[in-house]
Structures are given as structure tokens and as C-alpha cells.
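Heads up: the structure comes next, in C-alpha cells.
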Amino acid sequence: MVIPTPLDQSVAAVNLILMTNKIKELRANHGLTQEELARKVGVRRETILFLEAGKYNPSLKLAHDVAVALETKIDELFQF
Amino acid sequence: MTTKQFQGVRIAVAIMLATSVSIAVSRGSYIAPVIAVIAGLIIISLAKRQVKDVLADERDYKLAGTAARWSLSIFSIIMLIGFFILFALKDKNPEFANVATLFAYLTCGLMLLNSLVFYFLRYKESGDKKNILKDFKHYLPFLILALVAAFIIAIASIRMFTPEDEWICTDGNWVSHGNPDAARPVGGCR
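As given, the protein sequences belong to chains A and B, one line each in that order.
The first sequence begins at 2 in the numbering used here and counts up one residue at a time.
The second sequence begins at 1151 in the numbering used here and counts up one residue at a time.
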């Protein structure tokens, strides 16, 4: 039987936590619509909607692409 | 082409397929649906290339993975319940036992296929292929043991659950083998 280590447990806990973010605020500052941002980063508009609502944790690549599109850094865009 | 137009093309292809299948059923010709499926695949493939919007992104792929896992679990549970119900009712109709066995093998086959695809993808995506091969060599004896056990169980099941008393068709006549419970079948023996 495999006993989960404290590291495994913390990884599992992090996966359940959804990040908060400033995407909506920064998108408004850049005068972009959800559709335009979605097209810039290569996802569907619904994904931007879920990202802004904090209901979806993006991959590192998508987080990077959104940060680049909004001219900011990942750690400034997303907070745990 | 926009996403909505592409959805329209997909609906049109689905209608075309449904029409061709209904024609095939009513006329007994199965060439039309085969041609329709090939034509449909070509049309969808060409239409997809014309779409400039994103049709599916990482969130869709993640959801698709979850949906596949759920589907596998739901399918396995339904097949397992079906297996037990049909096996319990095999006295009412001996054919139920065959269907129950088919359910069991379908579930095992799907799980095996899922594991093989998973290990194939892991092997394909991993940069550390040597270690995965080492892992495989470690599990190989257990895999062989499991296959041998499955073979023995399959043979034992056939021997145990196949009725020995039955009607056998010999030279155009139904001849009793042992003392079958069922009445002599009418026709079907040539």
C-alpha cells in the first residue's frame, strides 16, 4: 500500500484550490473584449469567462500567454 | 468560416448520415451509408480547415479527459450490474449467460485498452523512455501471470457453465445429448 507523503497531500490540496486573478481588471484597462483576448491567446471565449470568474486554473503556457497579452507578469496576474 | 457555420455543416452531415442509414435499413443496401460516412468525414475535415476560430482549447481537452474517465467508470458499473442480473436470470433463458459473458469480456477489454493507451501515451510523451521500459520489464511477469489466470478462468467458465444436457443437430435431426430440460427444438436443423 502506498502511503501519501505530506508533499503528495499538499500537491493534492493545491490542485483543489482555484486561483484568484486580475484578468478582468487588466483586460478592461487594455480595452479588450473577452473575444479579443481569447483570440490573442488562442482559446475559446468561454475559457476566458471561466478564468475571470476564478473557476478554472490555466496551464502554465496559457497563464504565460495571458500575462504577455495583458503586458504583465504571471505572479502579478494570478494569486493563490 | 465561423464556429456557428461549422456547427451548421456538422448538423447537415449528421442529417445526411441519418438519411443514408434509414435508406440502407429500408432497402437493405449498405453501400450508401459507407459512402456517406466517408463523404461526411471528408466534408468535416475540409470544413474544419476553413474555421479561423478556436474550436477546442486546453479546458475542453481537460474536460474531455474527465468525461472519458467518467464514461469508463459508468460503462463498467452498468456492464457489471448487467452481468450479475443476466447471470442470475440464466435459468429463464440460457442465452442470458452468453450475453452476460459478453458484457464481462467487453468491460475487461475496454479496461485493458484504456491501460494500453495510457501506457503508450506515457511512453510516447516521456523523455525518460529507458526507465519506462525497465518498469515494463518489472511488471511483465505479473502481466503474463494475469493473462494465464484469465485464460484458465475462461476455460473453466466454459466447462462449468456450458450445459452438458442439450439438443444436438445431427444429420438433419435433433438428437438429445444427456437429459435436456428444454423441449425438442422445432426446425433450424439441416
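Note that CB positions come from ideal geometry on N, CA and C, so glycine has one too.
Check the Cβ of residue 44 of chain A against every Cβ in chain B and list those closer than 8 Å, keeping chain order.
Near residue 44 of chain A (Cβ distances below 8 Å), the residues of chain B are 1204, 1207, 1208, 1209.
Chain B contact for residue 51 of chain A (CB, 8 Å cutoff)
Output row for residue 51 of chain A: interface = yes.
Using a Cβ-Cβ distance cut-off of 8 Å, determine whether residue 63 of chain A contacts chain E.
Absence of chain E from the displayed structure is noted, the protein chains being A and B.
CB of residue 59 of chain A within 8 Å of CB of residue 69 of chain A, strictly
No, the pair does not count as a contact, with Cβ atoms beyond the cut-off.
Pairwise C-alpha distance: residue 1309 of chain B and residue 1181 of chain B:
So the two alpha carbons sit approximately 41 Å from each other.
Contact list for residue 48 of chain A against chain B, beta-carbon separation under 7 Å
Near residue 48 of chain A (Cβ distances below 7 Å), the residues of chain B are 1207, 1209.
Kindly list the residues whose CB is nearer than 8 Å to the CB of residue 1264 of chain B, restricted to its own chain and excluding five residues on each side of it in sequence; keep chain order.
Excluding the 5 residues flanking it on each side, residue 1264 of chain B has same chain C-beta neighbours closer than 8 Å at 1222, in chain order.
What are the start and end residues of the alpha helix (DSSP H) that includes residue 1251 of chain B?
Residue 1251 of chain B -> alpha helix (DSSP H) spans 1245-1275.
Can you tell me the Cα-Cα spacing of residue 1297 of chain B and residue 1287 of chain B, whole angstroms?
One C-alpha to the other measures close to 15 Å.
Could you pull the start and end residues of the alpha helix (DSSP H) that residue 1216 of chain B belongs to?
The continuous alpha helix (DSSP H) containing residue 1216 of chain B extends over residues 1208-1238.
Sequence-distant residues of the same chain with beta carbon closer than 7 Å to residue 1239 of chain B, five excluded per side:
Excluding its 5 nearest sequence neighbours in each direction, residue 1239 of chain B has C-beta neighbours in its own chain below 7 Å: 1246, listed in chain order.
From which residue to which residue does the beta strand (DSSP E) around residue 1176 of chain B run?
No beta strand (DSSP E) holds residue 1176 of chain B; the alpha helix (DSSP H) holding it covers 1153-1177.
Option in B:1242, B:1307, B:1218 with minimal Cα separation from residue 1146 of chain B
Shown here, chain B extends from 1151 to 1340; a query on residue 1146 of chain B therefore has no answer.
Would you kindly work out how many angstroms separate the C-alpha atoms of residue 1189 of chain B and residue 1324 of chain B, rounded to a whole number?
A straight line joining the alpha-carbon of residue 1189 of chain B with that of residue 1324 of chain B spans about 49 Å.
Below 8 Å, how does it come out for the region 41-53 of chain A and the region 1190-1210 of chain B: are there three or more Cβ pairs, yes or no?
Yes, the region 41-53 of chain A touches the region 1190-1210 of chain B.
For the region 26-57 of chain A, which segments carrying the alpha helix (DSSP H) assignment without a break, of at least 4 residues, lie completely within its bounds, in sequence order?
Counting whole runs of 4 or more residues, the region 26-57 of chain A contains the alpha helix (DSSP H) stretches 35-42, 46-53.
Report all residues from its chain with a CB closer than 8 Å to the CB of residue 1184 of chain B; omit the five preceding and five following residues, and keep chain order.
Excluding residues within five positions, none has a Cβ falling inside 8 Å.
Do residue 1 of chain A and residue 61 of chain A have their C-beta atoms within less than 8 Å of each other?
Residue 1 of chain A lies beyond the range of chain A shown here (2 to 81); nothing can be said about it.
Kindly list the residues whose CB is nearer than 8 Å to the CB of residue 64 of chain A, restricted to its own chain and excluding five residues on each side of it in sequence; keep chain order.
So the list reads 75, 78, 79, once near-sequence residues are dropped.
Give the DSSP-derived three-state secondary structure of residue 79 of chain A in the structure shown.
It is a strand residue.
Is it right to say residue 1170 of chain B is buried, meaning 16 or more other beta carbons lie within 10 angstroms of its own, or is it exposed?
Label assigned to residue 1170 of chain B: buried.
Assigned secondary structure, residue 22 of chain A (DSSP; H/G/I helix, E/B strand, else coil):
In the structure shown, residue 22 of chain A sits in a strand (DSSP, three-state: E or B).
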